[in-house]
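Structure record follows, encoded as structure tokens.
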Amino acid sequence: MKRTSRLTNRPKRLPDAFPNSEMNPYDAPTSLPAAATSRSDTGLCPVCGAPVRRLALAWPVFRCQTCSNRLIISGSRRSRNLSILTILLLVAGSYIPSEQGFRTGTYSFGAILIYAIMSTFWLHLFGRPKLKAWFGQASPDAINKAREAYLRKTESDAQVGSQTSSD
Numbered sequence: 001m002k003r004t005s006r007l008t009n010r011p012k013r014l015p016d017a018f019p020n021s022e023m024n025p026y027d028a029p030t031s032l033p034a035a036a037t038s039r040s041d042t043g044l045c046p047v048c049g050a051p052v053r054r055l056a057l058a059w060p061v062f063r064c065q066t067c068s069n070r071l072i073i074s075g076s077r078r079s080r081n082l083s084i085l086t087i088l089l090l091v092a093g094s095y096i097p098s099e100q101g102f103r104t105g106t107y108s109f110g111a112i113l114i115y116a117i118m119s120t121f122w123l124h125l126f127g128r129p130k131l132k133a134w135f136g137q138a139s140p141d142a143i144n145k146a147r148e149a150y151l152r153k154t155e156s157d158a159q160v161g162s163q164t165s166s167d
């Protein structure tokens, strides 16, 4: 059955956004969206490039499922800026006169608690996975060495697999 407009008997014209009428909108995407391939992507392992679950990074001994390297979450520029904005708003709130109902001691404790919660929230929302070193984050050289070791291992595993399949 051909689609036609109600007002006229002419066939309906598909919008230009859908040039292929055979496209199935329920199919899984075949490529990553542009936002996921940009530099601001926050869910890929820095060594092997495998997707990393954000909630798993909250666990301090998390290892990548693909390359088995320990990962930690590191702050990004966006998470730092939001943490600074949070602290500025809390400091500005401390200048409200005590006649408004705030007590200095109670507000100070609440402000510290709110800052701790919000900075952790911003870190986990906008932070990036980083390779774990002995003290903090690994250097770019350490990441490159780990990446080269991972690539050598996958190449040797592929060669061993091809030799066993040919036997």
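Here full-length UniProt numbering is used: the first residue of the sequence shown is 1, the next is one more, and so on.
Cβ coordinates follow ideal geometry from the N, Cα and C atoms, glycine included.
Within 9 Å, strictly: CB atoms of residue i and residue j
| i | j | result |
| --- | --- | --- |
| R78 | W122 | yes |
| C67 | A50 | yes |
| L125 | P46 | no |
| I87 | Y115 | yes |
| A111 | G127 | no |
| Y150 | N69 | yes |
| P129 | G43 | yes |
Residue range of the unbroken beta strand (DSSP E) whose run includes residue i
| i | result |
| --- | --- |
| S79 | S79 -> not in any beta strand (DSSP E); alpha helix (DSSP H) instead, spanning 77-94. |
| P129 | 128-131 |
Residues that DSSP places opposite residue i in a beta bridge
| i | result |
| --- | --- |
| L71 | L131 |
| Q137 | K132 |
Any C-beta of chain B under 9 Å from that of residue i
| i | result |
| --- | --- |
| R54 | Included in the structure is just one protein chain, with no chain B present. |
Any non-hydrogen atom of the ligand SAH closer than 8 Å to residue i Cβ
| i | result |
| --- | --- |
| L89 | Ligands in the displayed structure: none, and consequently the ligand SAH is not present. |
Contiguous beta strand (DSSP E) assignments of at least 3 residues, all confined to the region 38-66 = none
Contact the region 132-144 vs the region 76-95: 3+ CB pairs below 8 Å | no
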